[in-house]
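Protein chains in written order, with numbering that gives the first Met the number 0: chain A, 0 to 404; chain B, 0 to 404.
Virtual Cβ for every residue (Gly too), placed ideally from N, Cα, C.
Number of protein chains: 2
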Amino acid sequence: MMNIAVAQSGGPTCAINASLVGVFRESLKEPSIDAIFGSVNGIEGIIGNHLVDLKSMILTNDDIELLKQTPSTVLGSCRYKLPDWREDEEVYKKIVKTLKQRNIGAFFYIGGNDSMDTVNKLSEYFSTIDLYVKVIGIPKTIDNDLCVTDHTPGFGSAAKYVACTMHEITRDSTVYSMPSVTVVEVMGRHAGWLTASSAVLHAMGETAPHLVYVPESEFSLENFLSDVRQEMSKHKAVIVAVSEGIEVPEGVQSGVVDNFGHKYLSGIGKYLEDIVRKEIGCKVRSIELNVMQRCSSHLASKTDIDEAESIGAAGVRCALSGETGKVMAFRRISDMPYTVVIETADAYEIANNEKHLPKEYINSAGNNIRDFALSYFLPLIQGELNPIMSQGIPKHFAIHESVLK
Amino acid sequence: MMNIAVAQSGGPTCAINASLVGVFRESLKEPSIDAIFGSVNGIEGIIGNHLVDLKSMILTNDDIELLKQTPSTVLGSCRYKLPDWREDEEVYKKIVKTLKQRNIGAFFYIGGNDSMDTVNKLSEYFSTIDLYVKVIGIPKTIDNDLCVTDHTPGFGSAAKYVACTMHEITRDSTVYSMPSVTVVEVMGRHAGWLTASSAVLHAMGETAPHLVYVPESEFSLENFLSDVRQEMSKHKAVIVAVSEGIEVPEGVQSGVVDNFGHKYLSGIGKYLEDIVRKEIGCKVRSIELNVMQRCSSHLASKTDIDEAESIGAAGVRCALSGETGKVMAFRRISDMPYTVVIETADAYEIANNEKHLPKEYINSAGNNIRDFALSYFLPLIQGELNPIMSQGIPKHFAIHESVLK
């Protein structure tokens, strides 16, 4: 008999708790697994021996259903970067101590590419000390920028939110008789996947978003203004989707850098709003979709949530088959009917790399998404959950604040 | 036989098209009503004789259902302020010309208190020239600041969005181990109804929002910082809801004024974020719910949408009974079971007045909403529509851009 531990890391998504459910449910089925520990605040919980017993917290099928519908990370998160063990072994020793003390035979880390770096380092380190703890990565990120996997859990729900909200903003923006420009800022530091997903409106016959700017395409203010002017000659209300991470000349990035060397970006929408006001002089506004694009589980994609659970469960089977240092990944067999299989990839292939929007998805002017690319996005946003309501709003599963302290 | 006209005005909501459906459906039933005209861009369409034949555009029950679920104003909107006819009769003559030419016997204006000013002026003017065109106001505004009526169509859906999103933001904000403050800016120039609606989370057992600031309560930066510090001693992640219209000392209002003398406000959330960063120095962010709070029809309150249709229909019956210069209003009979009746009020009672959040709804510290007040808000956010989906996102009803030009 062994115990297992699971942790969640990085930025919240709508699907990360569904992957936890996948790990939990699959482990329940397995006679060789005894306790299922949740590590509080990602790897920090393992380092600090702050684990909770999930079997005593997730008690019923209703709890499971509610947890699948709850956004963000029920076990908390972290942005902790493990040092190279060859330079600093201290924290690794703490991790090993917890794993041994708790008789943990497998550790599942649900996270983005920074978490996959942790999976890679831990599995390498464990092999050097002959510790037979399996380490498996379960991908998640709304940014969809993980290599190898066709897409990441969390992306489909975020894409559905972005597309649906862009649709509603389009209705909101077209009411007055005067010409106007609306700039919608979408998350995405270096990859334009989420911004590009707003183009699925074209599959519904909408002309909006009329312009789509992603980091994969070089951005020029001159071209932007000429693009906007051209669209204004065709449409009363011009809708622009822009990734937070496009490079603008004057550098609106705040310059604050996190532990992984990421810059915190903000304000590109506002910046472009100001440029349009100054140079074109029409009615203009900017809208930041902010954290709503990653936590609006009331509008989650059923495809995404179901897949997130499946890939969590597949992680458990992978560990039980004896593998370690692996990350679970989707391979798409076909767009229509939409078919994916779950495979494994080596964590080092995924860690610290970014998958960009393919150049061929972007039109030649670099200001919109080609129609053929929509078949990539559309299957990922299909289906809805039936949110469990209380007092008129969706209920959430929560572990009490005091337990997580 | 007579024709009727209907127009939509002011800021978009999720319920304004449902009121249009109410007027449309009720008029269809009435043998004395022939054409049902939609006036494009509010009263501007009557002034400019820009009307569309709604019977040729809303053809099926599916169209009607879709229109009810479509946010914003399908006929466009305006922010046009009628002059006093004693000073400037020109535009009134244009209006009369259109009404006579199109044989319009009743005009229904769906809008906020500025639109009720138009209803009042038109009905007064028509009586001075013995023109027997009935003018009826159908209330709408997410701000819920109309006098006389218990609440306004559009408010319930916006309140549901605000509460649901505040709930999801709460999950998103509590993931990291470090203390943090999240400031959520909610619409409301002078009235705190929508911001206060976020407190319905307390009825679900949530401690968030921990602080709620509305324009009806005097705001002091000193008290704000001390409130935040106190909540930080109790909660890792402090959630603050703030109305865009609270008065802050340095005046973050841009100072731009619209035709009705309203100042465009923005940036209070960002402003408080900066203050917290500077004075407390913790992790802090601000989130503006922006236009999403008024156009997220995918999360509309069924109670709100159904009531919006009913009050539109009641407007038609009111005109047919011979009344004019009236605004339809809700009177609440009881909170539980929730019961309202539709009555009429004089437009001059409603025009140019604002209904504020009752002082007794606000706690003595002026930084949250009292529990007893939640029974006002809760019935208004109950129930969901079943959105008609296409390509994974809710479909909308749209009249082609070229028709509305």
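Just to confirm my understanding: we take residue i, look at its own chain, exclude 5 residues before and 5 after, and list those with CB closer than 6 Å. What are they?
i         : result
Ala307(A) : Ala14, Ala17, Ser18, Pro152
Lys235(A) : Pro178
Ser38(A)  : Ala4, Ala6, Gly44, Ile45, Leu50
Glu184(A) : Val241, Glu243, Ile267, Gly268, Glu287
Val20(A)  : Ile63, Leu66, Lys67, Glu308
His355(B) : Ala190, Glu215
Ile135(B) : Phe107, Gly314, Cys317, Ala318, Lys325
Ile109(A) : Gln7, Ile15, Ser18, Ile137, Lys139
Arg293(A) : Pro11, Thr12, Ile141, Ala157
Gly75(A)  : Val39, Asn40, Leu403
Glu322(B) : none
Asp87(B)  : none
Val118(A) : Tyr108, Val134, Gly136, Ala346
Excluding the 5 residues flanking residue i on each side, which residues of the same chain have their C-beta closer than 7 Å to its C-beta?
i         : result
Met0(A)   : Ser31, Asp33
Gly260(B) : Because Gly260(B) sits at a pLDDT of 49, beneath the cut-off of 50, its placement in the model cannot be relied upon, and the point is left open.
Gly391(A) : none
Val402(A) : Val51
Ile57(B)  : Phe23, Ile63, Leu66
Glu230(B) : His209, Leu210, Val237
Lys394(B) : Leu65, Ile387, Met388
Look up residue i in the DSSP assignment and give the residues it is bridged to.
i         : result
Gly110(B) : Pro138(B)
Met115(A) : For Met115(A), which the question treats as bridged, DSSP gives no partner whatsoever.
Thr302(B) : For Thr302(B), which the question treats as bridged, DSSP gives no partner whatsoever.
Ser389(A) : Ile392(A)
Ile103(B) : Asn2(B)
Val95(B)  : According to DSSP, which records beta bridges pairwise, Val95(B) is partnered with nothing at all.
Arg228(B) : DSSP output for Arg228(B) lists no bridge partner at all.
Phe408(A) : Look at the range of chain A in this structure, 0 to 404, and you will see that residue 408(A) is not part of it.
Ala236(B) : Ser179(B)
Ile35(B)  : Ile3(B)
Glu29(B)  : Its beta-bridge partners do not exist; DSSP assigns none.
Lys80(B)  : Paired residue(s): none; Lys80(B) is not in a bridge.
By Cβ distance below 8 Å, which residues in the same chain neighbour residue i in space, the five residues on each side in sequence not counted?
i         : result
Thr338(B) : Arg331, Ile332
Thr302(A) : Gly155, Tyr337, Pro378, Leu379, Ile380, Gln381, Gly382
Gly204(B) : none
Ile128(B) : Val95
Val199(B) : Ala158, Ala162, Leu373, Phe376, Leu377, Ile380
Arg228(B) : Ile279
Ala397(B) : Thr69, Val73
Pro82(A)  : Val90
Phe36(A)  : Asn2, Ile3, Ala4, Val5, Leu50, Val51, Asp52, Leu53, Arg101, Ile103
Mind pulling the chain A residues with CB within less than 8 Å of residue i?
i         : result
Pro214(B) : What Pro214(B) touches in chain A: nothing, since even the nearest Cβ is about 22 Å away.
Pro11(B)  : Arg170, Asp171, Val174
Asn289(B) : Ile286, Glu287
His399(B) : None at all; the shortest Cβ gap to chain A is about 11 Å.
List the residues of chain B that residue i touches, going by C-beta distances under 8 Å, in chain order.
i         : result
Gly391(A) : Lys159, Ala162, Val199, Ser300, Leu377, Ile380, Gln381, Gly382
His209(A) : Per Cβ cutoff of 8 Å: no residues; His209(A) is ~12 Å from chain B at best.
His355(A) : Those within 8 Å of His355(A) in chain B number zero; the least Cβ separation is about 24 Å.
Cβ closer than 9 Å: which chain B residues qualify as neighbours of residue i?
i         : result
Met203(A) : Ser389, Gln390, Ile392, Lys394, His395
Kindly list, in the order they appear in chain B, the residues whose Cβ is closer than 7 Å to that of residue i.
i         : result
Cys294(A) : Glu167, Ile168, Arg170, Asp171
In chain A, what lies closer than 7 Å to residue i by C-beta?
i         : result
Asn184(B) : The sequence shown places Glu at residue 184(B), not Asn. Those within 7 Å of Glu184(B) in chain A number zero; the least Cβ separation is about 11 Å.
His189(B) : Simply none; closest approach about 21 Å.
Which chain D residues sit within Cβ distance under 9 Å of residue i?
i         : result
Glu306(B) : Structure shown: chain D not included; protein chains present are A and B.
Is there at least one non-hydrogen atom of the ligand COA closer than 7 Å to the beta-carbon of residue i?
i       : result
Met1(B) : The model on display carries no ligand, and the ligand COA is accordingly not part of it.
Against chain A: residues of the stretch 147-181 of chain B by CB proximity under 7 Å: Lys159, Ala162, Cys163, Thr164, His166, Glu167, Ile168, Arg170, Asp171, Val174, Tyr175, Ser176
Give, in chain order, every unbroken run of the beta strand (DSSP E) that is at least 3 residues long and sits entirely within the stretch 141-212 of chain A. 179-185, 210-212
Closer than 8 Å, Cβ to any Cβ of chain B: which residues of the stretch 62-91 of chain A, in chain order? Thr69, Pro70, Ser71, Thr72, Gly75, Ser76, Cys77, Arg78
Identify each residue in the stretch 32-66 of chain B for which the Cβ-Cβ distance to at least one residue of chain A is less than 7 Å, and report them in chain order. So the list reads Asn40, Glu43, given in the order they occur along the chain.
Using Cβ-Cβ distances below 8 Å, what residues of the stretch 224-238 of chain B are close to chain A? His234, Lys235
Just to confirm the assignment: which complete beta strand (DSSP E) runs, minimum length 3, are found wholly within the stretch 289-338 of chain B? 325-334
List, from N- to C-terminal side, the beta strand (DSSP E) runs of 3 residues or more that fit wholly inside the stretch 38-68 of chain A. 50-52
Could you name each continuous beta strand (DSSP E) segment of 3 residues or more that falls completely within the stretch 334-377 of chain B, going from the start of the chain to the end? 337-345
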